[in-house]
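The structure appears right after this line, and notes come after that.
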Amino acid sequence: WSPVFEIICGLDGSIKFFLHGRDGEDSCFNPGFVNGIEKCCNVLLLEVEPRQRERRFCNEIEIEFEVEREEVSRKLLLGKNKRGVFLFW
1 WSPVFEIICG LDGSIKFFLH GRDGEDSCFN PGFVNGIEKC CNVLLLEVEP RQRERRFCNE
61 IEIEFEVERE EVSRKLLLGK NKRGVFLFW
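Take 1 as the starting number for the sequence shown in the UniProt record's numbering and just add one per residue.
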């Protein structure tokens, strides 16, 4: 299992957390939750709800995620959030 954690900030300031990775021939993608983010604290609580692994289902989600991640990355490179801070990916 080679896990990858990704925290992505949307243009609206929303935060998304994903855990994905490969286990042999299988690929898996799990959306998660980010909690406990405060300006005075540098600790994040990352939670993932594990799912039943079904190879076909996980691979379909991975393809959709790859497309979404590329779209989000392009937007982050060119965009800025509500506070006017440029976001670079």
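The C-beta atom is built at its ideal place from N, Cα and C for all residues, glycine as well.
All values derive from a computational prediction rather than experimental measurement.
- DSSP, read as helix, strand or coil, puts Cys40 in coil.
- Apart from the 5 residues on each side of it in sequence, Phe5 sits with its Cβ closer than 8 Å to the Cβ of Phe17, Phe18, Leu19, Leu46 in its chain, given in chain order.
- DSSP places Leu19 inside the beta strand (DSSP E), whose first and last residues are 15 to 23.
- A residue is called buried when at least 16 other Cβ atoms come within 10 angstroms of its Cβ; Cys28 meets this threshold and is buried.
- In the structure shown, Gly10 adopts coil according to DSSP, grouped into three states.
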